[in-house]
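Visitor:
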Amino acid sequence: MPTTITVDGMSCGHCEQTVADAIEAVSGVTHVTVDRTAGTATVEGEVDSKALVAAVEDAGYEASA
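With our numbering as the guide, the letters of the sequence shown map in order to residues 8 to 72.
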């Protein structure tokens, strides 16, 4: 079952890619889709939402599960 988190602060395609790269680096992630317009990241794989939020925040964006 996919996990969706809210991501604030994305304004362009580069932002989307930065967030996607940060999430893909989290152990257990198999696929990620980032949508800057909706302000979300949908993640597939066996991951803890807290780890996803931490990865996005480490990349410089605000996130919540």
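In this text, a Cβ means the ideal position worked out from N, Cα and C, and glycines have one as well.
Computed from a prediction, not measured in an experiment: that's the story for all the values here.
Output yes or no for whether 8 Å exceeds the beta carbon distance between V41 and A27.
Guide: Contact flag set, yes.
Visitor: Look up A70 in the DSSP assignment and give the residues it is bridged to.
Guide: In the DSSP output, where bridge partners are listed per residue, A70 has V14.
Visitor: Pick helix, strand or coil for T25, following the three-state DSSP scheme.
Guide: In this structure, T25 counts as helix in the three-state DSSP scheme.
Visitor: To the nearest angstrom, report how far apart T100 and M8 are at their CA atoms.
Guide: Nothing about residue 100 can be read from this structure; the chain reaches only from 8 to 72.
Visitor: Considering only C-alpha positions, which residue in the set G16, A45, L59 is nearest to E51?
Guide: Nearest of G16, A45, L59 to E51, Cα basis: L59.
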